[in-house]
Structure formats: structure tokens, C-alpha cells
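One structure is given here, and the rest of the page talks about it.
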Amino acid sequence: MSRKHRPRPKRRSSIESLELRQLMAVDPFNGLMDAGFSQHGTLDESPAVTADTEFPPIEAHSSFPEISQHADVEPTLDSAHNLTGLDTVRENFGFSGTGQTVVVIDSGVAYDHYALGGGYGTGYRVVGGWDFAEGDSDPYDDAPDGFHGTHVAGIIGSTGDQLGKNQGVAPGVDLVALRVFDDSGYGHFGYVSSALQWVIDHHDDFANPITAVNLSLGTAFNGDSPPTGYSYIESKFDQLEQLGIFISVSAGNSFTTNQSLVDAGTHYNTPGLSYPAASDYVVPVMSVDDGGALSYFSQRHSSAIAAPGRFIRSTLPDFAGNNNGVDDDWGSASGTSMASPYVAGASVIIREAMELLGYSTITQDVIYAHMRETADTFYDSATSQSYLRLNMESAINALMPEDDYGASDSAHGLGTLGTGTTQVSGMISSLTDGDYFTFTAGATGVATFSATESHELDVAWDFGGNVATQSGESWTMNVVAGQTYTVGLSTSGGLGYYDMDVSIESSFTFVDWGNIGGQQSHNGMNIAGEAWYRVVAGQSGYVTAQAAFANTSGNVDLALYDSNMQMLDQSTTTGNGERVDHLATAGEEFYLCITGTNSDVDVRLTNLVNKIGGQVVASGTSANDTYSFTAGSVHSLSVNGVSYSFDGATVTNFSMNGGAGSDAITFTGSSGNDMATVRVNWTNLSGSGYSATAGSMESVAIYASGGDDTAKLYDTDGDETLVAYTDHVTLTGTGFQHEVYGFDRTYTYASGGNDTATLYDSALHDNFAAWADRAVMLGTGFFNDVHNFDSVVAIASTGVDRATFYDSAGDDTYTAYSDRTVMVGTGFSNEGQNFDASHAYSTAGNDEAYFYDSAGNDLYYGYSDKALMRGTGYYNSADNFQFTAAYASSGIDKAYFLDSAGDDTYYGWADHATYSGSGFRNEAYDFGYTFASSSGGNDQAIMYGTSGDDVFTCWDERQVLTGTDYFHDVRSFGYTLAYGEGGYDRAYMHGTDNDETYNGWSDQITMQGASFLYDGRGFEYTAAFAYGGNDTATFYDTSGDDTYASWDWRAVMLGSGYFNDARDFETTYAHASDGNDRAIFHDSAADDDVHAAAWGAYCTNGLYYNEARGFDRVEAWRDLTGNDEASSDSIDYVFKLYGDWISV
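The letter at position 955 of the sequence shown is residue 955 when you use full-length UniProt numbering, and the numbering goes up by one with no holes.
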């Protein structure tokens, strides 16, 4: 499985921070150890591992959840090394752990951190591993709850930061990452058990064997022997110990009970160890502060050893640092988690020393016994006991032997050496060790010295004041018979054994360096007296000879002679270098004389720069060359570190050619107005009074230094990438990289291939504008303009930033999110990220715009000629698009639709709505609320219910259809239609104080007034309300049995599946046609008349009129008071009176 390494927000703190405690599971073993296992800080094949939840939990040994990146409140790892004496060990012996591998069982390792090797697998520092928490081969230390394993790995073996500080204990060691915590900090002992078995199975699989394992983790436990139930862990510790592997385990952070210092939690305040630190098979490690005293949080026991663990600065994953996409982060953490890897690294250093000295058996017991024997004893007032603290200086000093052959003033005598070879064997046992030998030459000639080395020894030779020349692995020195000489061997890096061979031949060789060939280097020369060298100019131009040395070790002078031994130039300064120059013609012969005494002189010959009148021409070598040019009153040109200066008044034209190899040039402009033009294989920087051109340069960097400066960059027909910041622009492609810095305006032109551009804003208010063939990012002091790029991305950060997009003549699509917007069309894609406002304009083609909401509450507005969506921190709009659509996903989101002056139609469903008219169509999906308004034309609104219970409510200027999770609100429409689609649906229609007409069928109702028409269909219950005027309601039956009932203020018609209700209507009519239908009249409190005629019946008192036609049965009920009269004609239906009616 491939895992993306997820970033998280930056974490900063200016107080002490212990690494994160991560409770990872519940304990299934009969309540055994309720507290979690805490962190105290790949092979491609999958091991047999199951994520069995029937294991005790693990967690990170810590007290505080944050880490600190503030260097002003924490000591570096160097401070810890000073406490243990490791800095002295490095200075004297240079041990680094090379040749060994340490396993980190933890939260994983951010192996792409530059201080941990920058990669994963063979050829990198982190050579392998496994993720037991997530069951894959990528043990990366992931967000949100990682960092711990990366911090631990850095303590063991980081190569240090960019300031040369915070180097791990064993920076030469390889690492294996076994991940037992997942992204959210979950893990258990089953993972740990599988990880330990993995080490057993793979301990000898890598180029360098596994010699140590670190576990900065443990349970909430305090004892001096393992708790019950962990035999499956103990057995694996036993196997590892038998393999000779050192197992370093953090003691735990639960000693103190001082609540002013730590968060509430389990604290024992008595000697003891967490588990697995309490195991008999491991080395438990306590934490001490920078002053050497036990840290207040550290659990402690006489069987343990202490090491630095508080305020330890080490490596972090990028997400736990500044989260800027560059894996170069560092931070401080505290805990026994930080002490344990220190001891793991120390075991590697001690093992390296023992291996160097030929120990036949090196086990954990041997190493730990030596640690304790050479440790410092200190007193702990909290427990009134004494404990041991790691002392690396004492540990290594106790192992290393005394010097074999003494110093230069007590050199070992080899006697008189004649022709032939003499061999001497010895050992360089410290970086400051030097073995010196004296001999008397038995013949005049050349003495040759060579040495065979072992281990990490890299022999450095000392020939005193004598001149010696290196040839491959050998050195030669002229000797005179009868004279005595002294030669010394030391190391330039690493320790080991040597076999030194000395042979003398009676001969002498003249040194001829021949044709310079552009540039030659002769480093580490031993000058003793006078030495001569012949050189030939390979081309016309300056012949420059330079000597670099440390003057404190002796002075050296140079002189240059022609073929007639006439001096051309000399240099006799008292500094650390000499230089001579002469403008030569091709093939001219010279002799270089080097005089003085110094055993380490670097000589460089250069023949690359020619001056012809007011023009300077520089040519490169067949190797990789580096050029620099600086314009000014005095122009400066440098080739491969050799600098030349030229008077700007007389020299105005420069031409530089890189030739073969991968070549680089850096230009620096003048203080005036400069113009830079950059193409592949051709670059020109010009200004007032000068012009500098470079050809065949793979890498170009140009710096503006004043004035009003402009840069133009051109790509090739291949695929190129442009990155533009406010202060510099970089264009890269196959085989080249072009950069310009500090220019007021930049223009970049793409001409072919698939080209991409990324533009960044400033901290102020900036604007981004993009067309189909061009994009510009501009702000205070900068203007970056790109042309014809296939893809452009603009990124905003701070300030109030605005992005504007323009379409092409074709069909284009604008897509807007809360944090980015994109305009795409044929051959182009323009994107803006994190802009406060984004605007898109459509001018031609069938263009579409899509809006997406944020996680908060958002608003969408759809007009006939524009649409916009806005929410917290963003505002996106699109003008004159033929089609727009908006999508809601979370929050309380609302959509507003506005019409055109023409005839428009609104459709509303539970999950989306559309509003369309001539030349536009706007859609909204999954909004909780939608609103539509009509202001002109013959507009109509059509809405559909759901399968659930829906409610349709109408007023003269507003109609609403609502149900579960949706709300449609339409206003001022001339015609509104709503459909009930299932469930128990209801419709309510309200009239005005004017005359309205209501019609009710079983499946449809309508209500119409002077300016509106309501239409509801498929509703189970409907109610209509009249408020004034002369209002009429008409009911129609079904083919089944229906009932009509009326009062002076209300009338209803109901039947199977429907119920229509009309209230306060002056007149109501009910029509029956089929079925066995019944009509019921109820009187009022006034005098009422009921009459049954052949055509039907009615009931009235002069203020209301209710009529029923075609009913099979008509009933009249006298429920109230008044003089009520009843009459009838000849009828063919049942007419029944109830109550005291007066028959007339």
C-alpha cells in the first residue's frame, strides 16, 4: 500500500515539551496493566503479522503533547554530547557507527529528512523496515500523531543540521524503521511482538548487520521485574540478546507527582521501571537534565543507566515542523524516549571500538558491563540513592591503547635504509595520534612511501620540511645518501591498522605538467625548498597559476618564467595564497617555480579567459564549469573559482561559453536599468555601457541589483516548468534551469510542449489575472507575466488577494471551490488558490461555471447574467456564463435565484433546483434552502415533493414547498405549481382581500387571484383561506363515495385519499357525479334558509352561500340558533333535515 504523508498544522511552543503519550488500545488480559504502553520520545516482503486486538496497549512515554522548535529555549544535541564526553570521543577517535544498523521500533521514521539520508531503501540511511500498525512496507512517520520515531532516529544517527549542530550519537549508522503506531497513535503489544520477531528474522539481511534495537515506549507500570502475561515479549528479548543485539528501552516518565510540572496522570514517586524496561533481557535507560541530574519525570532504578533526555533537539517530520513541504525540520522534546536512543547509539560506538580492537565476543552484556564500569556515579535526592550516568569519554578511553611509535620528537628509528623495501606495522588509535619514524638514506635518489590500511583508517602523511609528491596511493621524496629524514603517519579520518612500506631508488624525475588543457589542479603538494614545473598554454588567453595553503604552516611563493627563463610575474605575499598571471598565445611554454616550505599546498592552473581589446572571451572545459559575472564600474568575471577584473570604461563586451559538461553561470546586474534575455543555450544581460552573453550553460541565475530591471525568459518546444515568486522566477526543462532574482518585471514565453507555471503572491494585497494565452501576478514591487502556458497555478497566502479569469472564444469551464478556482478551455488551464475573491468572465462560446461550497455556511446567488458563491474567507463569481451550477455539501447553505426581464422558469426538487430563461440556466444542488424571485416577464415556478411528507404553502407574493432536508421559497411568480410525490402531503393556499377563486379536485387544487395562480397536485390534504373580497370555492368529487360538508365559514370535500378544505369563502359549490355521495349543510347562528331542488340544494343566510349538486343524499343540520327555514321541490335524492327547521 502506498501512503500519502499527510501534513498537519505547525506546532510551536516556548516551554519544555515531552513527546506525545498515545493510548492505543484497551487491555484484554484480565485487567492487566490498565495504563497504555508509552513511547518514552524495509524489506519488500511482508512478515507474518496479525493486528490482534487481544494484546495490551502501547503509548508514547511522555508528559506534554507538544514539541518545541524554538532554539532559544533549548540546548542542542551538542550540549548532551558535552555532558557524556561524546564530543571528545569524536574529536579524538572519530567513531560514527559505520558498518552497523540500528532498529527503531516506534511511530515510524520520516526517512526523507535530509539529516536521515533523504530516502528509503538500499543506498539510503534508512535501509528498510515495515509498518505493523497498517500492514504495509512503508514505515513513514505520518500525521497527525507522529514525529516520535523521527525524533528518536535523529538522536541515534542524524547527520546534523545545516549549522553543523545536533548530530546524532552515531551519524554513520544505518537505520531500520519498524512502525507500531498508526497515524492516530494507535498500537499494541502485538505489533511490538511482531516487530521483535522481524528483527530476529532479518538481523543479518542488510549490508550492515543489525546490532542494536531501540524501544522508546512502555506501559504505565513501575517495578523491577516484568509483570505477568508478557512471556511472548520476553521470549523474543531473550532471542535478541542471544544474537548479541543491544536492546535499549526507555525507563518511563511517571516518577514525579509535582502537578505544577506535568499534566495529571499516573506518577509513582518511588524507584522502579516501566515495562519493557523492567525486562531482564534489556538495558533500561533513565533521563538526566543538561546538568547531569535525573529529570523530574524519569522513572529510576539501580539496574538502569542514565543519559541525556531533557530538551533534546532532533529531527522532525515536516508536518510536525513548519509544514512547508521541505523535510528539514528540527524540534526539541523531553523524556526517557530521548535518553534511550542516546544509549542505543552509544552501544554502537562502543561496539565499533571493540571491533576495531579485535574483541572476539561482543554481546549486550559485554557492552553494558563496560558502560556501567566506566559510568559516572551521582546522587539522587528524590530517592536518596545513587545511580549511574553514561560517560562515553571514559568508556572509549578505557578501551583504546596507548600510542605505538610516539610523536615527532621521539620518532621510532628504522636505521639506515638502502635500496629495496622495508615494512613497518602499527595502529592509529586516535584522530590525534601520529606515528613517526626516522631513517638514514643509504642511497641518493627517490624514496617511495605507501601504506595498506584497515578499518576506517585514511592515512595522512607528514614529511616535515621535505618536498614529497603524491602519485596515486604512494608518495615520493628526493633523498641524499647519509642524511637523516623523519616521516609521520596520522589519519585524515577514521582509525585502524596500517602496514607502511618504504623503498629507495637512486633516480630523479623532472616534473612536467604539460598542456594546461583549460584547467589543472595539483592538491596537497609538499613544498620544501624549490620545485620547478613546466606548463604549456593550450589556447590564447591568460595563464593563471594559484597556490593555496595555510600560511601558519609555512609560506610559499610563486614565480612564472618564459621558455628563456625570463620572469613574467611573481607573487610573494605573506597571506594564505599566491597568484601569477600572463596573457599568452596558444602553445607558449612556461616554467612555474614554487619556493618555500609547506606540506599542504594546492596548485591550480587556469587557461580559460582571453582579452581582445574591449572584449573578453571565456571558454569552458570538458567537465562541469561554474561562471559568475558582476557588472559595475569594474566588471568581474570568475571561471571555476578563478576571478578576473576588468575596467568598465574600456572593456564592455563579455562572451562566455560553457562547452561540454553541465555548466552554470551567475550574473549580477548593475545599479542602473538592466535587461536580461534568457533562452536555452543563450543568455544576455545588458545595461548602460556593457553587454554580457553566455552560451551552452545548463544552469543560469541572474540577480538584479538596482534600477528598473526587466527579464524575459523563453522555453523550448519540450515540457517546461515555471515557478515565480515575488522576488525570483525559475524556469526549468530537460537539461536546463534558468533563474532571475529581484527583477521589477518578468515575462516568460512558452512555445511548445506541455508547459506549467506556478505563481506565488506577496504578503500584501496582490492581483492575479488570467486569459487563455496569458496570466499575470502583480503586487507592490513585482510583476510576473507568463504567456502561452498550458497550465498556470497562482497561489495566494496573506493580504487581500483577488483573482480574475477571462475565457477564450471557445467553450470554457470555470470551477470554483472555497480555496481554489479554475478556468479551463481548449489548450489552457488557469487556477487560483486561496484567493479572497475570484471573478470569471464569459464573452464567447458555450461557457459553464461550477461552484462548490465550503464546510461552513455558504450562499449562492444566480442571476440571468452572473452567479456567485460566497462564504467565510472567500467570494467567487462568474459573469455572463450560459450555465452555472452550485453544489452544497455541509453547513447551512442557501441558494438565491433571480430572474431576467423575460419569461423564466424555476424548477425545484428536494435535492436540486434550476432557474432558466433566454440565454441562461442556473442550478443548485443539495442546498438546505433555495429562494427564487420573479420581477418581470411571465415567470412560473414548478416544484416537486418527495416520497416523504411535504407541505406546500401559498401567499399572493410567496409560495413555499418544504419537506425533510429541503426548503423551496418562490416569490412574485404569476404561476406556481407544486407536486406531492408521496407520503402525507399538505397544501395551504392563502387569498388576499380581493376576489379569489378556489377549485378543488381529488388530485389537484387551484387558487387564482388578480396577479397569481396557485396549482397544487397530488396532495392528500389541502386548505384554502379567503381574507376578503367576493371569494368562491368549487369542489369536485371522484368516481368513489365522497362527502361535502359546509358551514357559514368553512366547506370541505373529502373522499378516498384526499381532503379539500376551504375557509371563509362567501360562496362554495360542490359537484358530485359518480359514487354514493353525501352533502351536509350546517346552519349559522343567524337565520338560515335551506332549499332542495331537482338540480341540487343550497344553504344560505345572505352572507354566505353553500351549494351542492348531483349528490345522492343531502342533509341539513340545525346546530345553532336563529329562525331557520327549510323547503323542497320535487327531488329524486334523499333530503334529510336534522333539528328544529321551520318547513315552508
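Using N, Cα and C, we set each Cβ at its ideal position, and we do this for glycine too.
Original post:
With respect to 7 angstroms, is the separation between the Cβ of phenylalanine 311 and the closest non-hydrogen atom of the ligand ADP below this value?
Top reply: This structure does not include the ligand ADP; it has no bound ligands of any sort.
Subject >> Residue interval of the alpha helix (DSSP H) (run including glycine 190) >> reply: For glycine 190, the uninterrupted alpha helix (DSSP H) segment begins and ends at 189–202.
Original post:
Within this structure, are the beta carbons of threonine 730 and glutamate 720 separated by less than 8 angstroms?
Top reply: Between threonine 730 and glutamate 720, the gap from beta carbon to beta carbon reaches 8 angstroms or more.
Original post:
With C-beta atoms as the reference, is asparagine 214 less than 8 angstroms away from valine 103?
Top reply: It is a contact, given that the beta carbons lie within the stated cut-off.
Original post:
Smallest Cα separation from glycine 707: which of Leu489, Val792 and Asp744?
Top reply: The shortest Cα separation from glycine 707 among Leu489, Val792 and Asp744 belongs to Asp744.
Original post:
Of all the options Gly488, Ser1073, Thr710 and Ser638, which has the alpha carbon lying nearest to the alpha carbon of aspartate 1112?
Top reply: Taking only the C-alpha atoms, the option nearest aspartate 1112 is Ser1073.
**OP:** Count the CB pairs spanning the segment 448–460 and the segment 394–412 that are closer than 8 angstroms, and state whether there are at least three.
**Re:** Too few Cβ pairs lie closer than 8 angstroms, so no.
Original post:
Leaving out the 5 sequence neighbours to the left and right, which residues in its chain are closer than 6 angstroms to residue 1188 when beta-carbon positions are compared?
Top reply: Absent from the structure is residue 1188, since the part of the chain shown begins at 1 and ends at 1144.
Subject >> Straight-line gap, alanine 676 to valine 609 (C-alpha atoms, nearest Å) >> reply: Alanine 676 and valine 609 have their C-alpha atoms some 23 angstroms from each other.
**OP:** Leaving aside the five residues before and after glycine 661 along the sequence, list all residues of the same chain whose C-beta is less than 8 angstroms from its C-beta, in chain order.
**Re:** Excluding residues up to 5 positions away in sequence, Gly620, Thr621, Ser622, Ala623, Asn624 and Asp625 lie with their Cβ nearer than 8 angstroms to the Cβ of glycine 661 in the same chain.
**OP:** Mind checking which residues open and close the beta strand (DSSP E) that includes proline 308?
**Re:** For proline 308, the enclosing beta strand (DSSP E) covers residues 305–308.
**OP:** Could you tell me which residues DSSP pairs with alanine 398 in its beta bridges?
**Re:** According to DSSP, which records beta bridges pairwise, alanine 398 is partnered with nothing at all.
**OP:** Report yes or no: do three or more beta-carbon pairs, one from the segment 1041–1051 and one from the segment 1066–1085, lie closer than 8 angstroms?
**Re:** Output reads yes: the segment 1066–1085 touches the segment 1041–1051.
Original post:
What distance in whole Å lies between the Cβ atoms of alanine 803 and phenylalanine 768, which are believed to be in contact at a cut-off of 8 angstroms?
Top reply: That belief holds up - the Cβ atoms of phenylalanine 768 and alanine 803 are roughly 4 angstroms apart, short of 8 angstroms.
Original post:
Whole-angstrom Cβ separation of threonine 336 and alanine 207, contact assumed at under 8 angstroms?
Top reply: Threonine 336 to alanine 207, Cβ: 31 angstroms. No contact.
**OP:** Using the Cα positions of valine 199 and tyrosine 281, report the straight-line distance between them to the nearest angstrom.
**Re:** Going by the C-alpha atoms only, they are around 15 angstroms apart.
**OP:** For phenylalanine 132, I'd like the list of residues in its chain whose CB is within less than 7 angstroms of its CB, leaving aside the five on either flank, ordered along the chain.
**Re:** Here the set comprises Val49, Leu178, Arg179, Val180, Tyr191, Ser194 and Ala195.
Original post:
What separation, rounded to the nearest whole angstrom, lies between the Cα atoms of arginine 6 and leucine 316?
Top reply: The predicted model places arginine 6 with a pLDDT of 33, which falls under 50 and marks its position as unreliable; any figure quoted below should be read in that light. Looking at the two C-alpha atoms, the distance is approximately 14 angstroms.
Subject >> Start-end ranges of the beta strand (DSSP E) lying completely within the segment 226–287, minimum 3 residues >> reply: Unbroken beta strand (DSSP E) stretches of 3 residues or longer found wholly inside the segment 226–287: 246–250, given in chain order.
Original post:
On the premise that alanine 704 lies in contact with glycine 733, defined as a C-beta separation below 8 angstroms, what is that separation, rounded to the nearest angstrom?
Top reply: About 23 angstroms; that fails the 8 angstroms criterion.
Original post:
DSSP state of serine 337, grouped into three classes?
Top reply: Serine 337 sits in a helix when the DSSP states are folded into three classes.
Original post:
From what residue to what residue does the alpha helix (DSSP H) around methionine 371 run?
Top reply: Where methionine 371 is concerned, the enclosing alpha helix (DSSP H) starts and stops at 364–373.
Original post:
Where DSSP assigns a beta bridge to phenylalanine 920, which residues make up the other side?
Top reply: Under DSSP, phenylalanine 920 takes part in a beta bridge, and its partners are Gly917.
Original post:
Looking at the unbroken beta strand (DSSP E) that takes in glutamate 91, where does it start and where does it end?
Top reply: Under the DSSP assignment, glutamate 91 falls outside any beta strand (DSSP E), being part of the alpha helix (DSSP H) whose first and last residues are 86–93.
Original post:
Around the C-beta of glycine 1016, are 16 or more other C-beta atoms found within 10 angstroms, so that it is buried, or is it exposed?
Top reply: Classification of glycine 1016: buried, given that the 10 Å Cβ count is 16 or more.
Original post:
Between the segment 289–299 and the segment 358–368, are three or more C-beta pairs nearer than 8 angstroms?
Top reply: At 8 angstroms Cβ cutoff, the stretches do not touch.
Original post:
Whose C-alpha, out of Val1114, Tyr887, Ser818 and Thr491, is nearest the C-alpha of alanine 924?
Top reply: When only C-alpha atoms are compared, the closest one is Tyr887.
Original post:
Got a sec? Which residues, its chain only, sit under 8 angstroms from isoleucine 516 by beta carbon, not counting five neighbours each side?
Top reply: So the qualifying residues of the chain are Val535, Val536, Ala537, Gly538, Val543, Leu605, Thr606 and Asn607.
Original post:
Taking valine 288 as the reference, which of Leu778, Gln546 and Asp380 has the closest Cα?
Top reply: The shortest C-alpha separation from valine 288 is found at Asp380.
Subject >> Given 8 angstroms, three or more beta-carbon pairs between the segment 155–169 and the segment 111–119 >> reply: Yes: the two stretches touch, three or more of their Cβ pairs being nearer than 8 angstroms.
Subject >> Nearest neighbour of glutamine 423, chosen from Asp501, Ser347, Gly187 and Leu388 [CA to CA] >> reply: Ranking Asp501, Ser347, Gly187 and Leu388 by Cα distance to glutamine 423 puts Asp501 first.
Subject >> Cα-Cα separation between tryptophan 1117 and leucine 1137, rounded to whole angstroms >> reply: The straight-line gap separating the alpha-carbon atoms of tryptophan 1117 and leucine 1137 is approximately 6 angstroms.
Original post:
When you compare only the Cα positions, how much space is there between phenylalanine 378 and histidine 151?
Top reply: Going by C-alpha positions, phenylalanine 378 is about 28 angstroms away from histidine 151.
Original post:
What's the gap between the Cα of leucine 583 and the Cα of glycine 541?
Top reply: If you take the alpha carbons of leucine 583 and glycine 541, they lie about 5 angstroms apart.
**OP:** Tell me whether serine 643 sits in a helix, a strand or coil according to DSSP, three-state version.
**Re:** Looking at serine 643 - three-state DSSP - the assignment turns out to be strand.
Subject >> Residues near valine 1134 in its chain [Cβ-Cβ closer than 8 angstroms; skip 5 each side] >> reply: Excluding sequence neighbours, valine 1134 sits near Asp1112, Arg1113 and Val1114.
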